[in-house]
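**Q** Residue numbers (this note's numbering), protein chains in the order written: chain L, 170 to 770; chain C, 170 to 770; chain V, 170 to 770.
Starting off with a structure, shown below.
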Amino acid sequence: MWLLCVVDALGANGIKTVMGTPTATPPIWLIKQHPEVAYLGSDGVRKNHGGRRHCCSNAPAYIDSSREIVTAMAREFAHDKNIVGWQIDNEIYSWDGCCCEFCVNKFHRYLEEKYGTIEELNRAWNLNVFSQAYDSFGEIPPAVNAWHNPHIIYEWKVFHQLSNIEFINMQAEILKKYVSAPIGTDMMPFNGLDYEKTVENLDVVMFNHYNDENNLANAIFWFDYLRTLKNTPFWNTETQTSWNGSSSTGQVMKPEGFCRLNSWLPVILGGEANMYWLFRQHHAGHELLHGALLYPSGKPFHIFGEVQQTAFEFEKAAEFISDTRVQSDTALLFTSKNWNLFETQRILNDFSYCERLMNDFHKPLIESGIVPDVIGAKKELSEYRLIFAPYMMTLEDGGLQGRLEKWVRNGGVLVAGPMCDIRNALGAHYRDADTGMLEKLTGCTLDYSIPDSSVYIKSQWTDGTPFTGKMWHELYTSCDGAQELVSVTGGHSAVVGKAVVTKVKLGKGEIILLGSIPSEDDIKKLIGIAAADAGVIPFDISGSVIAVPRKGENYEGLILAEYKNQGGTCILPRAMTDVLTGDALSGKITLTPYEIRILQI
Amino acid sequence: MWLLCVVDALGANGIKTVMGTPTATPPIWLIKQHPEVAYLGSDGVRKNHGGRRHCCSNAPAYIDSSREIVTAMAREFAHDKNIVGWQIDNEIYSWDGCCCEFCVNKFHRYLEEKYGTIEELNRAWNLNVFSQAYDSFGEIPPAVNAWHNPHIIYEWKVFHQLSNIEFINMQAEILKKYVSAPIGTDMMPFNGLDYEKTVENLDVVMFNHYNDENNLANAIFWFDYLRTLKNTPFWNTETQTSWNGSSSTGQVMKPEGFCRLNSWLPVILGGEANMYWLFRQHHAGHELLHGALLYPSGKPFHIFGEVQQTAFEFEKAAEFISDTRVQSDTALLFTSKNWNLFETQRILNDFSYCERLMNDFHKPLIESGIVPDVIGAKKELSEYRLIFAPYMMTLEDGGLQGRLEKWVRNGGVLVAGPMCDIRNALGAHYRDADTGMLEKLTGCTLDYSIPDSSVYIKSQWTDGTPFTGKMWHELYTSCDGAQELVSVTGGHSAVVGKAVVTKVKLGKGEIILLGSIPSEDDIKKLIGIAAADAGVIPFDISGSVIAVPRKGENYEGLILAEYKNQGGTCILPRAMTDVLTGDALSGKITLTPYEIRILQI
Amino acid sequence: MWLLCVVDALGANGIKTVMGTPTATPPIWLIKQHPEVAYLGSDGVRKNHGGRRHCCSNAPAYIDSSREIVTAMAREFAHDKNIVGWQIDNEIYSWDGCCCEFCVNKFHRYLEEKYGTIEELNRAWNLNVFSQAYDSFGEIPPAVNAWHNPHIIYEWKVFHQLSNIEFINMQAEILKKYVSAPIGTDMMPFNGLDYEKTVENLDVVMFNHYNDENNLANAIFWFDYLRTLKNTPFWNTETQTSWNGSSSTGQVMKPEGFCRLNSWLPVILGGEANMYWLFRQHHAGHELLHGALLYPSGKPFHIFGEVQQTAFEFEKAAEFISDTRVQSDTALLFTSKNWNLFETQRILNDFSYCERLMNDFHKPLIESGIVPDVIGAKKELSEYRLIFAPYMMTLEDGGLQGRLEKWVRNGGVLVAGPMCDIRNALGAHYRDADTGMLEKLTGCTLDYSIPDSSVYIKSQWTDGTPFTGKMWHELYTSCDGAQELVSVTGGHSAVVGKAVVTKVKLGKGEIILLGSIPSEDDIKKLIGIAAADAGVIPFDISGSVIAVPRKGENYEGLILAEYKNQGGTCILPRAMTDVLTGDALSGKITLTPYEIRILQI
């Protein structure tokens with residue numbers, strides 16, 4: 170009732186609504202009736218009411234109640250024209266994993282379904298070590314309060330992620346019965362969910378991004394990923410106008426133009442819609458210091474003008490943006506399974522999967538003039554010429570082993586490694602070889618896997634310039650016919666002469682084995698080599714400019730944006746017209762800090 | 170019995186006793202009989218016997234037992250002439266707040282009494298956000314185990330502080346029935362209690378201070394506060410002779426003269442009495458490394474001579490000290506409510522209320538030659554010409570809004586801000602304006618509140634010299650007739666031209682709105698301006714010297730003390746005589762490190 | 170059955186077995202039947218199955234089951250010729266101490282047995298402070314969840330260590346009934362057990378060492394200790410070949426030669442046997458990144474060649490090594506009681522007993538050309554000329570007070586201090602003097618014990634060169650006839666003129682009182698003085714070379730080893746022959762990085 174009034178009032182003032190289901194915040198009366206709705210920590214203490222996600226997605230009472238309220242809301246707003254979308258729950262995740270009996274029992278059923286027999290689980294996890302073997306699934310504890318092996322920690326994590334997806338899908342099914350507006354769930358750039366799996370049954374990818382001026386490049390990584398998850402543009406369900414904060418803030422104001430660029434960036438890279446959290450700062454309760462458009466008093470924030478400008482510009486560029494899609498012939502693999510594996514067995518103590526993927530590969534690609542698609546395990550590969558597969562600890566995901574081989578044989582250039590294909594689907598070592606398929610496909614053997622940051626191991630490119638490998642070295646014996654790009658020159662007598670980077674032809678394509686984390690200069694050199702081999706042509710940029718080619722049925726063009734408040738340049742491949750300003754441009758153009766150019770051919 | 174023997178034996182040797190009630194350390198047999206006496210943590214585990222304050226001030230069995238032993242002791246020593254004071258409990262505080270049923274139930278009654286109806290509480294705390302609303306007071310959980318909003322955390326904290334005050338008052342009432350010696354409770358410079366409220370029903374302010382040579386300025390802050398709480402001098406119930414420690418110490422020995430100065434400092438600033446913890450180091454058990462006067466073997470510590478000297482000097486100066494009181498016409502506001510608010514909503518992540526108050530305002534005042542009274546919310550204002558009100562997040566405390574307005578209209582100079590008057594009594598934003606009274610009184614509007622350490626926002630004094638604001642900026646539009654002192658010159662086009670510091674006449678007085686945390690130079694410049702406007706005349710000092718004017722019925726004079734072991738000077742306004750040495754002094758005098766001058770006119 | 174097959178298969182391939190009892194890892198079915206087998210934390214939560222040592226050594230069901238399986242194994246393999254040793258449990262320790270009822274009840278019985286009456290315990294621990302006294306042993310809580318005094322924390326720690334020794338001895342007794350191969354338990358360089366007491370009823374000292382290239386000097390300390398525990402050589406039951414790691418590693422590869430030196434070092438210093446953990450890396454489960462000899466695929470690690478070389482060399486030097494024992498006339502005291510005391514009362518916050526003993530005394534001795542025996546409290550003293558007793562907080566251990574006095578009177582040179590003899594056996598201060606025996610024996614009084622790192626206290630040698638004392642100063646008044654070596658020249662008027670280091674003759678020997686932690690130069694100077702007085706002749710080395718004299722019935726010689734990968738020299742006292750190379754050597758010889766010389770006279 171009251172909610173309908175709100176939606177009507179907004180609608181009457183020209184504001185459409187994305188309706189959220191309220192399941193992230195169960196009311197206190199429900200927990201009072203059903204204490205088991207509250208999340209149970211490994212210390213035996215349930216989370217108190219007062220925050221968010223203090224509930225258990227596997228508690229029957231919670232599932233039933235959620236079903237009830239979602240049904241009621243779906244019915245109420247089924248044909249409401251002011252509702253333009255549905256958002257299920259909010260930034261769903263499961264802390265360290267609820268340890269209640271429902272969760273633990275369901276965890277047992279999950280393992281039984283996956284492993285079949287307890288003997289198979291014991292074998293797969295190698296539980297003869299340390300007398301760890303179980304006699305039945307029912308004995309397996311939640312993966313807390315012990316120095317657990319990585320496999321049980323991994324499964325406990327995955328199990329809770331899947332439980333949340335099940336919880337989301339339960340809601341999606343109900344909504345689909347009644348409503349026609351697109352359905353999604355708003356996600357965060359944390360490892361809380363398998364993104365690919367989460368959006369399978371949903372209509373639209375929803376994303377909340379809160380990057381600041383120091384890490385907009387990370388936002389680009391995420392947008393490069395989000396646009397590949399569905400064929401429709403992703404939605405920006407939340408971003409801040411100025412600074413993040415709860416009852417206090419650790420950020421400072423942003424430079425002029427940041428708010429506009431931050432709002433434009435997802436749209437440039439394949440998204441649509443742009444909602445600010447908060448619109449008006451709360452006058453009491455939570456998040457009193459979070460940036461917004463309006464103060465509690467109703468006075469505007471200092472960025473109000475930037476928001477207005479952005480809105481006008483969106484309108485101006487709407488036709489071009491709506492018609493066109495981002496074009497890329499280069500991909501960077503990024504999978505939920507690897508993220509979960511790396512969080513349960515880091516290989517190196519201070520290795521952070523997502524951060525390294527961004528810093529060691531995505532940023533150098535961007536800075537080389539290539540905006541890659543960041544793709545999950547199931548994405549169709551045929552549209553790419555060049556694929557990077559670093560830190561793909563396992564390739565046993567989405568049939569990647571066979572699909573990558575086929576794609577290479579058909580002409581693709583694959584840069585594999587470091588830490589690629591070195592574990593099976595459960596995160597265990599292979600026993601017959603050191604890789605799942607790479608040694609077999611390339612004929613090169615992986616001799617040594619050694620933690621070292623070029624402290625001891627010295628290596629160089631075949632042209633004699635030094636190569637700096639960081640943190641980890643995989644050293645190969647190249648097969649006959651391989652073209653060794655980087656070789657070891659010193660360190661330990663046993664490793665001298667081994668290959669760090671080596672290139673092998675396979676069918677119409679090739680595989681470049683990359684055995685270390687290259688320095689910035691070295692990865693850019695390798696990107697150059699691989700792009701040339703693949704026939705990928707980077708844009709000619711300098712400074713912190715991204716160059717995003719877009720093409721549609723009616724329009725074609727290029728969007729340029731400067732994202733570090735420092736300026737840069739781009740040499741246009743042909744003459745274009747700025748959709749916002751009408752400027753006719755060609756040749757080398759200069760972008761001022763945070764400048765955006767929507768260029769149409 | 171045994172205790173009487175001890176008191177008698179001490180008395181027979183000329184040593185008077187301040188008798189402490191033993192309620193900080195319940196005996197094990199009481200906890201055995203009544204397990205609910207022990208503090209219950211949020212993890213469901215009770216604190217073990219073996220330390221201090223492991224009890225719950227709300228457990229009926231504990232209250233009853235405490236009542237019993239305090240009554241017995243009060244009767245036993247009611248007229249004992251060797252007892253010169255009573256100390257209730259010891260450094261009372263409540264960890265994170267006991268979560269036992271007595272506490273939680275009483276917390277509900279406390280909230281009900283304060284808010285009346287659950288609807289009013291829901292409204293005041295804005296609990297429509299995140300489905301947080303309660304249906305009854307009985308549902309409200311202790312403010313632990315959740316991402317709680319600041320209001321519930323604040324009330325949980327205040328509730329436990331009030332419970333302890335109730336526990337103290339219970340004891341005070343009993344004592345008052347029997348004894349005549351003054352009653353107090355020894356407090357520490359932590360946010361464990363509301364000092365003003367705690368001492369309301371007590372006779373004397375008691376304080377334990379353990380500052381070291383690096384932060385004696387903080388001790389000065391506390392003494393400047395303590396003397397304003399009661400009309401009688403505060404007592405120094407504990408200080409160390411040399412170093413602090415438990416079963417180990419993290420401190421080193423202090424420079425020669427420190428022990429004497431540390432003992433003198435509270436007396437100079439308005440206290441009396443001086444007790445050392447420990448007199449003789451424990452031979453076993455707790456605090457084996459804490460500094461003392463004597464080693465367990467009975468041998469003296471190396472500072473023994475300094476203690477003797479101090480005692481002789483106290484005797485010599487007794488008449489002057491006893492007769493005179495510290496004089497100040499400048500005050501700095503410091504309230505328990507603000508401390509609690511800042512601890513439950515910091516506004517800035519690394520903002521520490523008490524520390525910033527000391528560093529940003531109290532120290533610059535001292536170094537400018539002004540020893541201010543540090544005053545709580547209820548202190549009478551009429552005796553002051555100049556009041557600083559920084560970080561007074563709310564002025565809804567002790568009727569400060571109305572009282573400050575009246576005081577300004579009568580001629581006072583108020584320096585208000587930063588972060589002053591921006592929340593209501595519950596810590597919520599105002600909804601109709603951005604301040605409670607300041608905008609209305611001054612006619613200046615607070616346009617923007619922005620976290621920034623002059624990274625982006627640049628500003629300058631009207632004379633053109635730059636002004637450096639730290640961490641936070643409140644930017645005003647000055648009213649007509651206001652005298653703008655500091656204005657924004659750069660940062661974001663929306664903020665250029667706004668005022669950071671602006672001065673407005675009100676009645677016979679004036680309000681200086683201070684919109685940022687000034688650098689050391691800038692606050693000293695502002696102190697100069699405000700003091701001149703208020704007619705406050707600072708002492709002419711250099712170096713780390715405090716100049717403390719004192720006046721009594723029979724005597725008048727000035728006490729000087731050097732507190733950083735570095736030396737300094739003071740230009741005496743007239744000729745004076747040193748009470749300790751008999752030296753006749755006038756003009757500019759030099760103080761050697763840690764030197765003390767008790768000067769009489 | 171299956172285990173016999175494994176042992177037989179190994180034996181058939183020439184590999185002998187050290188059989189381990191499996192009690193560090195109880196199977197899940199045992200915990201299911203007897204939940205009390207699992208360790209109970211102070212938060213009331215039991216440790217989950219999945220790691221190691223998640224059991225309680227005091228749970229009757231666990232003791233019974235352990236007894237059963239050890240008996241069965243002992244019977245099965247009683248006369249198996251492939252079994253060359255028995256290892257009980259694995260790296261046994263007790264976390265923070267299990268808090269189950271069995272442990273707590275046994276703790277009470279332990280205290281009752283030690284203290285007799287509760288009154289005596291109250292007195293000894295000084296429990297009149299803070300109303301801590303107990304009325305019965307049954308009331309005493311586990312030493313957790315409170316700000317406990319050091320004595321109860323100490324006893325709680327010792328109690329759990331003793332419980333583990335009891336658990337080990339229970340197994341040893343069973344094994345002795347059946348088997349003839351030597352029995353031990355593998356220990357780690359942590360304060361988990363009293364080493365001296367642990368090996369009393371065992372046949373052989375077993376040790377797992379995992380030092381890296383930066384702290385091989387620490388390994389030397391441990392080997393210097395291990396060889397003194399039994400008359401037979403200790404066993405190296407575990408070391409790594411290359412790097413440590415669990416599911417990830419924080420180490421990098423080691424320099425060439427490290428693996429060989431690390432394998433040789435314990436043998437040089439008095440051990441025998443050398444086992445690697447892991448032989449072949451686990452393919453799944455725990456410790457997937459731990460260094461090994463073989464990868465899961467069976468391929469060799471890059472250090473494989475070093476391991477082979479070491480094995481050949483062991484064979485070559487076997488006769489010399491087996492016949493000879495390390496010779497030393499200098500000892501450094503290192504006791505479990507002191508380690509436990511320092512962990513429960515550090516004296517200085519950042520004082521770490523074992524680390525300081527290594528850095529402040531053992532390393533300077535090694536670098537001075539003296540490889541000392543590191544000895545426990547019960548070791549026979551008569552074979553030494555010179556003993557260092559720093560940080561021996563209490564000498565009430567193994568009758569050390571009387572035995573040291575007698576040994577000095579017979580001609581020994583004792584360097585006592587700092588922090589020596591300043592507590593009784595329970596860790597309490599003495600009450601009649603500041604030391605237990607040193608003041609009485611030397612006639613020098615300990616006036617002041619002061620935390621200070623020569624910030625304030627300045628002192629110098631009698632030759633006028635400055636002396637730098639770290640962290641702590643014990644200042645003495647020398648008796649008549651004492652030879653003061655270092656005196657205080659500044660700091661505080663009360664301490665000037667006191668002695669920091671002073672030398673007193675006693676019978677045929679002497680005591681050097683050392684009142685501070687000397688700088689590296691100062692301790693080396695003092696070592697020179699003490700060695701000269703004692704008639705100890707250091708080897709003439711430079712750089713990071715240890716010179717280890719060995720002597721046996723048939724052979725005599727000197728082993729040199731470079732342990733920092735930097736090189737060094739040694740002047741040979743006479744001509745010798747290298748057992749490995751046959752080189753004839755004399756005079757000054759140079760060692761290359763990690764070089765080892767097994768020299769025979």
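From the three backbone atoms N, C-alpha and C, an ideal C-beta is built for every residue, glycine too.
This structure is a prediction, so every number in the text was calculated from the model and none was measured.
#1: Locate the alpha helix (DSSP H) running through residue 333 of chain V, then write down its first and last residues.
#2: Going by DSSP, what residue range makes up the beta strand (DSSP E) through residue 500 of chain V?
#3: Residue 325 of chain C CB to nearest chain L CB: under 7 angstroms?
#4: For residue 196 of chain C, name the three-state secondary structure that DSSP assigns.
#5: Just the C-alpha distance for residue 593 of chain V and residue 563 of chain V, rounded to the nearest angstrom, thanks.
#6: Residues of chain L with a CB under 8 angstroms from the CB of residue 315 of chain C: which are they?
#7: Residues of chain L with a CB under 8 angstroms from the CB of residue 195 of chain V: which are they?
#8: Could you give the first and the last residue of the continuous beta strand (DSSP E) run that contains residue 642 of chain C?
#9: Does any C-beta atom of chain C lie closer than 7 angstroms to the C-beta of residue 198 of chain L?
#10: Per DSSP, which residues does residue 630 of chain L bridge with? Please list them.
#11: Does any CB atom of chain C fall closer than 7 angstroms to the CB of residue 602 of chain V?
#12: Taking the C-alpha atoms as reference points, what is the distance between residue 728 of chain V and residue 708 of chain V?
#13: Since residue 435 of chain L contacts residue 481 of chain L with CB under 8 angstroms, what's their CB separation in whole angstroms?
#14: Could you give the distance in angstroms between the alpha-carbon of residue 568 of chain C and the alpha-carbon of residue 591 of chain C?
#15: For residue 536 of chain C, tell me which candidate among C:180, C:192, C:387 has the shortest Cα-Cα distance.
#16: In the region 213-296 of chain V, which residue ranges form an unbroken alpha helix (DSSP H) of at least 4 residues, counting only runs that do not cross its ends?
#17: Residue 452 of chain C versus chain V: which residues are under 8 angstroms apart at the beta carbon?
#18: I want to see whether chain C comes within less than 7 angstroms of residue 661 of chain V, judged by CB atoms only; does it?
#19: Name the chain V residues whose beta carbon is nearer than 7 angstroms to that of residue 620 of chain L?
#20: Quick check: the Cα distance between residue 629 of chain C and residue 540 of chain L, rounded to an integer number of angstroms?
#21: Can you grab the Cα-Cα spacing for the pair residue 327 of chain L / residue 362 of chain L, in whole Å?
#22: Is residue 377 of chain L near residue 407 of chain L, with beta carbons less than 7 angstroms apart?
#23: Could you check where the alpha helix (DSSP H) with residue 563 of chain V kicks off and where it finishes?
#24: Output the residue ranges of the alpha helix (DSSP H) runs that lie fully inside the region 675-748 of chain L and measure 4 residues or longer, sorted by chain position.
**A** If we stick to the structure as given:
#1: Here residue 333 of chain V is taken as the residue at index 164 of the third sequence, counted from 1. Residue 333 of chain V -> alpha helix (DSSP H) spans 319-347.
#2: Position 331 of the third sequence holds residue 500 of chain V. Per DSSP, the continuous beta strand (DSSP E) segment holding residue 500 of chain V begins and ends at 499-502.
#3: The residue you call residue 325 of chain C lines up with position 156 of the second sequence. So, not an interface residue.
#4: Here the question's residue 196 of chain C lines up with position 27 in the second sequence. Coil.
#5: Numbered from 1 along the third sequence, position 424 holds the residue referred to as residue 593 of chain V. Numbered from 1 along the third sequence, position 394 holds the residue referred to as residue 563 of chain V. Separation of residue 593 of chain V and residue 563 of chain V (C-alpha to C-alpha, rounded to the nearest whole angstrom) is 6 angstroms.
#6: Reading the second sequence from its first residue, position 146 is the one you call residue 315 of chain C. Within 8 angstroms Cβ-Cβ: 216, 217, 218, 219, 220, 223.
#7: Along the third sequence, read from residue 1 onward, the residue named residue 195 of chain V stands at position 26. Within chain L, the residues near residue 195 of chain V are 300.
#8: On the second sequence, position 473 is the one that residue 642 of chain C refers to. Residue 642 of chain C -> beta strand (DSSP E) spans 638-646.
#9: Residue 198 of chain L sits at position 29 when you count from the first residue of the first sequence. For residue 198 of chain L, the answer is yes, since a Cβ of chain C falls inside 7 angstroms of its Cβ.
#10: The residue given as residue 630 of chain L occupies position 461 in the first sequence. DSSP, once it has assigned bridges, lists L:655 as partnering residue 630 of chain L.
#11: One-based indexing of the third sequence puts residue 602 of chain V at position 433. Chain C, which has a Cβ nearer than 7 angstroms to the Cβ of residue 602 of chain V, makes this yes.
#12: The sequence position of residue 728 of chain V within the third sequence is 559, counting from 1. The sequence position of residue 708 of chain V within the third sequence is 539, counting from 1. When rounded, the distance between both Cα atoms is 12 angstroms.
#13: Counting from 1 along the first sequence, the entry for residue 435 of chain L is found at position 266. Counting from 1 along the first sequence, the entry for residue 481 of chain L is found at position 312. About 18 angstroms; that fails the 8 angstroms criterion.
#14: Against the second sequence, residue 568 of chain C aligns to sequence position 399. Against the second sequence, residue 591 of chain C aligns to sequence position 422. C-alpha separation (whole angstroms): 16 angstroms.
#15: Residue mapping note: residue 536 of chain C aligns to position 367 of the second sequence, counting from 1. Checked all of C:180, C:192, C:387; the closest Cα to residue 536 of chain C is C:387.
#16: 229-245, 270-284, 287-293
#17: Within the second sequence, residue 452 of chain C is the residue found at index 283, counting from 1. Neighbours of residue 452 of chain C in chain V, taken as residues whose beta carbon is under 8 angstroms from its own, are 295, 597, 598, 599, 600 in chain order.
#18: Position 492 of the third sequence holds residue 661 of chain V. Yes, residue 661 of chain V counts as interfacial toward chain C.
#19: By 1-based counting over the first sequence, the position of residue 620 of chain L is 451. Near residue 620 of chain L (Cβ distances below 7 angstroms), the residues of chain V are 412, 418, 420, 421, 422.
#20: Residue numbering aside, residue 629 of chain C sits at position 460 when the second sequence is read from its first letter. Residue numbering aside, residue 540 of chain L sits at position 371 when the first sequence is read from its first letter. Residue 629 of chain C and residue 540 of chain L: Cα-Cα distance of roughly 44 angstroms.
#21: Here residue 327 of chain L corresponds to residue number 158 of the first sequence, with the count starting at 1. Here residue 362 of chain L corresponds to residue number 193 of the first sequence, with the count starting at 1. Their backbone Cα atoms lie some 8 angstroms apart in a straight line.
#22: As a working note, residue 377 of chain L is residue 208 in the first sequence. As a working note, residue 407 of chain L is residue 238 in the first sequence. The beta carbons of residue 377 of chain L and residue 407 of chain L sit closer together than 7 angstroms.
#23: Within the third sequence, the letter at position 394 stands for residue 563 of chain V. Taken as a continuous stretch (DSSP letters only), residue 563 of chain V belongs to no alpha helix (DSSP H), as it is neither H nor E.
#24: 689-703
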